[in-house]
Amino acid sequence: MKFSFLGGFLALCFGLTAQSQVVISEISALNTYTLLDYEEDDSDWIEIVNQGGQTINLLGWSLSDSPSNPRLWSFPERELAPGGRVVVFASGKDGVFGDQSEIHTNFRLDSKGETLYLTPPSGSAFSSSSFTYPLQRAGYTYGLHPNRSGLFYLDTPTPGQANQSIEILTGILDEIVISPAGGLHEGPVTIEINATDPIAQVYFTTDYSDPTPGQSMVYSAPFEVTSTQVIRAAAFRSGYVPSPIATRNYLIDPDEKLKTLPLLTFTMDPEDLMGETGIRGTDGEGNPNAIKRGPAWERPVAIQYTDFDHPENSFSINGGIRMHGNDSQRVGGKPSFRLYFRDEYGPNNLEQLFIPESDYQKFDALVIRGGHQDNRNPFIQDELSRRLFKDMGQASSV
10 MKFSFLGGFL ALCFGLTAQS QVVISEISAL NTYTLLDYEE DDSDWIEIVN
60 QGGQTINLLG WSLSDSPSNP RLWSFPEREL APGGRVVVFA SGKDGVFGDQ
110 SEIHTNFRLD SKGETLYLTP PSGSAFSSSS FTYPLQRAGY TYGLHPNRSG
160 LFYLDTPTPG QANQSIEILT GILDEIVISP AGGLHEGPVT IEINATDPIA
210 QVYFTTDYSD PTPGQSMVYS APFEVTSTQV IRAAAFRSGY VPSPIATRNY
260 LIDPDEKLKT LPLLTFTMDP EDLMGETGIR GTDGEGNPNA IKRGPAWERP
310 VAIQYTDFDH PENSFSINGG IRMHGNDSQR VGGKPSFRLY FRDEYGPNNL
360 EQLFIPESDY QKFDALVIRG GHQDNRNPFI QDELSRRLFK DMGQASSV
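So the numbering used here is basically just the index in the sequence shown, starting at one, shifted up by 9.
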């Protein structure tokens with residue numbers, strides 16, 4: 010579900026005392042394009058609700074994630090009607106932007122969990138309140154449940170609207186372990202999948218799709234893989250946020266020609282790639298999605314790098330993927346991609362990729378070029394240009 014921030018307020022009356030009527034109702038510490046700010050960034054956000062019966066001016070109120078500095082950031086003038094809600098972007102940008110409707114704090118949220126502090130102006134009749142949240146997971150928010158008292162994970166982000174959640178989610182499942190590691194293997198491989206929660210049920214797929222209860226295969230015992238195969242698995246339990254999807258790509262006795270160079274593989278749901286909303290698909294009017302831009306056209310992907318000569322350099326990591334290029338994306342052949350590494354996918358940097366003679370060994374994004382600039386023989390002219398630029402001390406791709 011997508012939302013556009015209009016800076017308005019919705020009226021929903023509750024009736025608490027003045028001392029506790031302004032509270033934090035929902036937070037998103039891993040915003041995945043549910044709500045974009047004026048720069049089209051998926052910044053974290055905090056929703057404040059007025060649960061009382063009188064209009065409150067937030068000027069002088071403060072938000073903070075530091076117990077030693079509860080007035081780390083202060084609200085600008087903004088009236089909050091009874092039942093009204095205001096969304097504050099915890100982006101670190103600090104200011105009021107976007108026709109004065111967007112409020113941004115000078116701090117960001119920690120997806121691993123922390124405590125937030127909402128403090129009224131000095132001398133006010135209102136009391137301070139705190140909001141403690143645990144580890145967060147992309148696609149979910151945390152806040153007041155519409156049908157229960159207390160704080161829970163929410164499966165439907167609703168910035169600026171009344172909180173919603175189909176389930177009562179009290180916990181979060183850890184990532185599962187698929188063994189052995191993906192990559193090159195000689196002969197059949199026995200696959201074992203383990204979840205840290207003994208009650209959780211593991212589902213897996215072999216068709217690249219996301220594992221889903223009721224649609225995917227149930228894992229009950231180790232099984233054998235005899236040919237090259239992709240395994241994707243996740244753990245599920247009622248009342249818990251599912252585990253992240255784990256992906257392993259097993260290369261069983263590959264052709265010797267395949268081993269002459271390192272192998273980079275991408276695994277993603279087919280609909281995210283070629284579906285109507287896929288990054289290489291076409292929309293309902295037949296327009297190519299590949300030339301569309303922005304965070305809305307980024308999809309999750311599992312990345313595996315296999316170095317046949319130096320297995321110690323091989324790695325697997327989750328990230329985001331977009332198309333790269335302009336007119337070249339309209340034609341066939343090998344496409345170009347951009348890869349992004351952020352908290353919502355896993356590590357926010359790639360540090361395992363070893364590039365000889367490079368000054369950079371830590372990346373938050375990569376461009377994987379298909380060589381459309383010279384479709385006759387891009388691996389000669391492009392490589393010559395890159396080496397000349399590097400030898401002259403200029404920035405160069407590798």
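The beta-carbon is built from N, C-alpha and C at its ideal position, and this holds for glycine as well.
Enclosing beta strand (DSSP E) for D53 [first to last residue] = 53 to 59
inquiry  = Please state the DSSP three-state secondary structure of Q173.
reply    = strand
key: Alpha-carbon spacing of Q390 relative to D316, whole angstroms   = 25 Å
Rounded Cβ spacing between V475 and S136 (contact assumed at less than 8 Å) = This structure cannot settle anything about residue 475, because the visible part of the chain is limited to 10 through 407.
query = Thinking just about the alpha-carbon of each residue, which of P76, W82, E86, V97 is nearest to the one in L67?
reply = E86
key: Three-way DSSP call (helix, strand, coil) for M240 in this model   = Looking at the sequence provided, one finds Ile at residue 240 rather than Met. I240: strand per DSSP, three-state reduction.
ask   = Whose C-beta lies closer than 7 Å to the C-beta of G191 among residues of the same chain, with five residues either side of it excluded?
value = R257, N258, Y259, Q313, S325
ask   = If Y349 and E307 are in contact, beta carbons under 8 Å, what's the gap, nearest whole angstrom?
value = 7 Å
request  = Between the Cα of D262 and those of T141, L193, E111, spot the shortest distance and give me the residue it belongs to.
outcome  = L193
inquiry  = For the alpha helix (DSSP H) containing P231, name the first residue and the last one.
reply    = Here P231 belongs to no alpha helix (DSSP H), and DSSP marks it neither H nor E.
request  = Report buried or exposed for R302, applying the criterion of at least 16 other Cβ atoms within 10 angstroms of its Cβ.
outcome  = exposed
key: Whole-angstrom C-beta distance between S37 and D46, which should lie under 8 Å   = Between S37 and D46 the Cβ distance is about 12 Å, and since that is not below 8 Å, they are no contact.
In chain order, each beta strand (DSSP E) run of at least 3 residues that lies wholly inside the segment 268 to 334 = 272 to 276, 308 to 315, 324 to 333
request  = Compare the C-alpha of A171 against each of S188, T150, N335 and name the closest.
outcome  = T150
task = Helix, strand or coil for I389, going by three-state DSSP, please let me know.
result = helix
request  = With DSSP as the reference, label L375 as helix, strand or coil.
outcome  = strand
inquiry  = Do T276 and V234 have their beta-carbon atoms positioned less than 9 Å apart in this structure?
reply    = no
Nonlocal neighbours in the same chain, by C-beta distance under 7 Å from V268, ignoring five residues either side = Rather than Val, the amino acid found at residue 268 in this sequence is Lys. Cβ neighbours of K268 beyond the five flanking positions: F317.
key: Assigned exposure category for Q224 - 16 Cβ within 10 Å defines buried   = exposed
Contacting residues, own chain, Cβ-Cβ under 8 Å from A20 (five flanking each side not counted) = With a pLDDT of only 31 at A20, under the threshold of 50, the placement of this residue in the model should not be trusted; the figure read from the coordinates follows. If we look at A20 and ignore the five residues flanking it on each side, its Cβ neighbours are A90, P91, G92, G93.
query = Helix, strand or coil for L15 per DSSP?
reply = In this prediction, L15 scores a pLDDT of 35, lower than 50, which makes its location untrustworthy; the coordinate-derived value is nonetheless stated afterwards. Correct three-state label for L15: coil.
inquiry  = Considering Cα atoms alone, identify which of R146, G284, S77 is closest to Y354.
reply    = R146
key: Residues of its chain near I377, where Cβ-Cβ distance is below 6 Å and the 5 sequence neighbours each way are ignored   = F346
message = Within 10 Å of its beta-carbon, does L39 have 16 or more other beta-carbons around it, so buried, or fewer, so exposed?
response = buried
Same chain, Cβ closer than 8 Å to L127, neighbours up to 5 away in sequence not counted = V31, V32, I33, I57, W70, S71, L72, S137, S138, S139, F140
inquiry  = Does F84 pass the burial test, meaning 16 or more other C-beta atoms within 10 Å, or should it be called exposed?
reply    = buried
request  = Quick one: grab the DSSP three-state call for E195.
outcome  = coil
request  = In angstroms with no decimal places, state the Cα-to-Cα distance between R9 and I300.
outcome  = One cannot answer for residue 9 here, as it falls past the ends of the chain, which runs 10 to 407.
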